[in-house]
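Asker:
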Amino acid sequence: HELGHKHRRADRIAAQIANGLVGYGHFCIEHNIGHHVHVATPEDCASARMGESIYRFMLREIPGAFRRGWGHERERLAKRGAGLFSWHNDILWSWLITLGIACALIVLYGWIILPFLIVHHFYAWYGLTQANYVEHYGLMREKLPGGRYESCKPRHSW
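So the sequence shown is numbered by this note's numbering: it starts at -5 and just counts up by one.
1) Would you list, in sequence order, the uninterrupted alpha helix (DSSP H) runs of no fewer than 4 residues that lie entirely inside the region 59 to 112?
2) Which residue's Cα is closest to the Cα of residue 116: 53, 79, 150, 130?
3) Which residue or residues does DSSP assign as beta-bridge partners of residue 143?
4) Could you give the first and the last residue of the continuous alpha helix (DSSP H) run that contains residue 9?
5) Using a Cβ-Cβ cutoff of less than 7 Å, which residues in the same chain neighbour residue 96 once the five nearest sequence positions on both sides are dropped?
6) Assign residue 62 to buried or exposed, taking buried as 16 or more other Cβ atoms, counted over all protein chains shown, within 10 Å of its Cβ.
7) Compute the Euclidean distance between the alpha carbons of residue 114 and residue 38, then round it to the nearest angstrom.
8) Between the C-alpha atoms of residue 109 and residue 13, what's the straight-line distance to the nearest angstrom?
9) Give me the Cα-Cα distance between residue 83 and residue 71, rounded to the nearest whole angstrom.
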């Protein structure tokens, strides 16, 4: 999570690898481009609403982050003149890491490892979901007369 906020290429690659370990390659893209812009607004799938259980939040946040991550990556690639399924797609690179690790573990331990990988990935996704849930639970920025939201302030995060 923190490495994904850095600007050095090595840090961003490390974040991509870390997210690749758990099959969550879209996270840094969605988090930095979507969540940071829309945090504490109804448009942010990663900000829990007042009264929303963590389970309901999870069912909204995980698929929402996936869709938004892919949408942001599509826009980034289009600006570069690259297609969605090109070598420039950071989500696909992360998924190659996920696939490579899974294949290596299956070769080493056999198919018996597959349930472990599924549970491992789920717990990692759920851990990030828990962090998002707690960080912004019930906090909303005020919508200003022009339709924009007030600037994000410390009070918009626990």
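C-beta: ideal position from N, C-alpha, C; glycine also.
Answerer: Result, derived from the coordinates:
1) 84 to 103
2) As a first step, residue 116 is located in the sequence shown; it is residue number 122 there, counting from the start. Nearest of 53, 79, 150, 130 to residue 116, Cα basis: 53.
3) The count along the sequence shown starts at 1 and reaches residue 143 at position 149. BP columns for residue 143 point to 137.
4) In the sequence shown, residue 9 corresponds to position 15, counting from 1. Here the alpha helix (DSSP H) through residue 9 covers 3 to 15.
5) Translated into the one-based positions of the sequence shown, residue 96 becomes position 102. Within the same chain, residue 96 has close Cβ partners 111.
6) Position 68 of the sequence shown, counting from 1, holds the residue named residue 62. Counting Cβ neighbours within 10 Å, residue 62 comes out buried, since at least 16 surround it.
7) Here the question's residue 114 lines up with position 120 in the sequence shown. Here the question's residue 38 lines up with position 44 in the sequence shown. Each residue's alpha carbon lies about 26 Å from the other.
8) Here the question's residue 109 lines up with position 115 in the sequence shown. Here the question's residue 13 lines up with position 19 in the sequence shown. If you take the alpha carbons of residue 109 and residue 13, they lie about 19 Å apart.
9) To locate residue 83, count along the sequence shown from 1; it is residue 89. To locate residue 71, count along the sequence shown from 1; it is residue 77. Approximately 7 Å between the Cα atoms of the pair.
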